[in-house]
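Chemist: Here this note's numbering is used: the sequence shown runs in plain steps of one and ends on residue 257. Don't be surprised by glycine CBs; every beta carbon is placed ideally from N, CA and C. The structure is given below, and queries will be raised subsequently.
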Amino acid sequence: MVASLLNLALAAVVKDIRLHEHVLKCLPQHIKSKSLNIMSKRGLITDANLPLVLHANIVSLDLSESDVSDTGLAAVAVCRRLQKIDLNAVKGTRTNITYQGLGILFQSCKMLRTVHLRRCTQVNDDCMEALALNCPQLSSLNISGCNDVTDRGLESLSINCQAIQSLDLSRTKVTDDGIALLTDSHNAATLKEVNISNCPRISDMAVQCLVLSCPRINILVFHGCPMVTDRCRETVLTHHRLANFKQLTWTVY
Numbered sequence: 005m006v007a008s009l010l011n012l013a014l015a016a017v018v019k020d021i022r023l024h025e026h027v028l029k030c031l032p033q034h035i036k037s038k039s040l041n042i043m044s045k046r047g048l049i050t051d052a053n054l055p056l057v058l059h060a061n062i063v064s065l066d067l068s069e070s071d072v073s074d075t076g077l078a079a080v081a082v083c084r085r086l087q088k089i090d091l092n093a094v095k096g097t098r099t100n101i102t103y104q105g106l107g108i109l110f111q112s113c114k115m116l117r118t119v120h121l122r123r124c125t126q127v128n129d130d131c132m133e134a135l136a137l138n139c140p141q142l143s144s145l146n147i148s149g150c151n152d153v154t155d156r157g158l159e160s161l162s163i164n165c166q167a168i169q170s171l172d173l174s175r176t177k178v179t180d181d182g183i184a185l186l187t188d189s190h191n192a193a194t195l196k197e198v199n200i201s202n203c204p205r206i207s208d209m210a211v212q213c214l215v216l217s218c219p220r221i222n223i224l225v226f227h228g229c230p231m232v233t234d235r236c237r238e239t240v241l242t243h244h245r246l247a248n249f250k251q252l253t254w255t256v257y
């Protein structure tokens, strides 16, 4: 009954969030966490109210449904134990998340393991270098649609992060050279999932590097890569670990 009353009270507060913003800052941490969860699911988080519900013990933060900018990310710096942040653009693109905010975030939240930045179009190689230098425990990264990310960003990740398991590089500017750097690093032993779809400078070489150098890979997607030819089919389909793949899909031009 008490839990139900609490949830009802929080739902009422969140429903008229602007009227109750002054209350949020005074709440204990576990209540702030519940409020943050409700606000996150409803897309009600803003740069203004985000600092009111943050606290040092938050480990996961989903901002994918909410409209936040670099200003909001600067406030997240108090979450020193943060391990996961989701900034994916659910609809369209995000243009208000840049190096300015991400640099502060990564420098403060060094325990980050999972970072989702899909279609954050201002994300570039400088952002990747800041992430790699500050968050060496990174295991999952989604930068799909971050068209300014090139091999330079991937090189920094390859050198400084040594246990990446999941990597979505689709719709970026990475090339065969960047993939070669990745598979020549410690990450080759940990990579399980890679998406390099719609990367126009990816060819058979990148696919072969991933298949032959990454013993744990079980999801590989490379649709829409015009330089990939039918020659990679033999490498993929005759590989001795083919049966271990959960998903293996591509387009041949």
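1. Rounded to the nearest angstrom, what separates residue 122 and residue 32 at their Cα positions?
2. For residue 5, does the three-state DSSP call read helix, strand or coil?
3. If you measure between the beta carbons of residue 81 and residue 112, is that distance less than 8 Å?
4. Taking the alpha carbon of residue 204 as the point to measure from, which residue in 242, 184, 226 and 243 has its own alpha carbon closest?
5. From residue 5 to residue 47, what distance separates their C-alpha atoms?
6. So who's on the other strand from residue 231, going by DSSP bridges?
7. Where does residue 216 fall in DSSP's three states?
8. Between residue 8 and residue 87, what straight-line distance do the alpha-carbon atoms span, to the nearest angstrom?
9. Taking the alpha-carbon of residue 73 as reference, which of 62, 84, 232 and 97 has the nearest alpha-carbon?
10. Ignore the nearest five residues each way along the sequence and tell me which others in residue 202's own chain have a CB closer than 8 Å to its CB.
11. In this structure, what does DSSP give as the bridge partners for residue 34?
Modeler: A quick look at the data gives this:
1. Here residue 122 refers to the residue found at position 118 of the sequence shown. Here residue 32 refers to the residue found at position 28 of the sequence shown. One Cα belongs to residue 122, the other to residue 32, and the distance between them is close to 32 Å.
2. Here residue 5 is taken as the residue at index 1 of the sequence shown, counted from 1. Model confidence at residue 5 stands at a pLDDT of 45, short of 50, so the residue's coordinates are unreliable and nothing is read from them.
3. For this step, residue 81 is matched to residue 77 along the sequence shown. For this step, residue 112 is matched to residue 108 along the sequence shown. Going by C-beta atoms, residue 81 is nearer than 8 Å to residue 112.
4. By one-based count along the sequence shown, residue 204 stands at place 200. When each option's Cα is compared against that of residue 204, the closest is 226.
5. Translated into positions along the sequence shown, residue 5 becomes position 1. Translated into positions along the sequence shown, residue 47 becomes position 43. Caution applies to residue 5, whose pLDDT of 45 falls short of 50 and renders its modelled position unreliable; the value that the coordinates give is listed next. One C-alpha to the other measures close to 27 Å.
6. Translated into the one-based positions of the sequence shown, residue 231 becomes position 227. 207.
7. Residue numbering aside, residue 216 sits at position 212 when the sequence shown is read from its first letter. Note: residue 216 maps to helix in three-state DSSP.
8. Locating residue 8 in the sequence shown gives position 4, counting from the first residue. Locating residue 87 in the sequence shown gives position 83, counting from the first residue. Cα to Cα, residue 8 sits roughly 29 Å from residue 87.
9. Walking along the sequence shown from the start, residue 73 turns up at place 69. Closest option to residue 73, Cα to Cα, is 97.
10. In the sequence shown, counting from the first residue as 1, residue 202 sits at position 198. Closer than 8 Å at the Cβ level, and outside the excluded window around residue 202, lie 174, 175, 227, 228 and 229.
11. As a working note, residue 34 is residue 30 in the sequence shown. DSSP output for residue 34 lists no bridge partner at all.
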